[in-house]
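For reference, the structure discussed in these notes is given below.
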Amino acid sequence: MNEPTKRTVTHREIAVEVHHPAPIAPAPTASLVPVQSGSIPAVASVVLPDGRVVTGYAIEPAKPEPVAAKPAVSRAAVNVALGGVGFLAVCGGLLLLTSFIAALTALITQLIILAAVVFGGWIAVQVLGASGHRAGTTVTIRRAVFKRNHFHG
């Protein structure tokens with residue numbers, strides 16, 4: 000029934016093979032026979048059409064887990080609220096930090112100005128100090144005369 004059909008080939012014809020599929024008869028359904036019951040999982044036997052018996056444990060369908068009741072407020076809203084509280088706390092700390100930095104900068108500036116004034120005053124006293132005789136070497140510079148590019152001392 001499923002054999003190819005052959006034709007004679009001439010110089011203008013090409014060989015063609017035709018296959019006719021054979022239909023498959025549906026198998027009869029098997030019947031389930033429960034064997035045991037109780038605390039041990041139920042064992043079921045299946046009788047096949049050819050008389051064989053297949054025995055095995057029955058598989059219980061998976062039960063979906065019960066859906067937990069949703070809280071009145073979503074977790075996203077709680078996270079946003081907590082983030083806002085944390086942000087406000089950080090902003091307060093940053094405000095204090097900037098105030099501290101500004102005060103520290105002002106203090107350092109004032110210390111630099113004070114040091115410049117004190118050090119400058121000390122130098123002025125050293126340079127412009129009282130003109131009196133001091134202990135040390137005295138150098139007298141006399142007047143030199145230059146005549147015709149010659150030094151006469």
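In terms of numbering that gives the first Met the number 0, the sequence shown opens at residue 0 and continues consecutively. All residues carry an ideal CB built from backbone N, CA and C; glycine is no exception.
A24 and A43 have their C-alpha atoms spaced approximately 27 Å apart. Within its own chain, no residue has a Cβ closer than 7 Å to the Cβ of P70 once the five positions on either side in sequence are excluded.
Pairing P27 with P48 gives a Cβ-Cβ distance under 8 Å.
Taking C-beta atoms as the reference points, V66 and V53 fail to come closer than 8 Å. S73 carries a coil assignment under DSSP once its states are collapsed to helix, strand and coil. One alpha carbon belongs to A21, the other to G55, and they sit about 35 Å apart. DSSP places T54 within a strand segment (E or B) once states are collapsed to three.
For A43, the secondary structure class from DSSP, reduced to helix, strand or coil, is strand.
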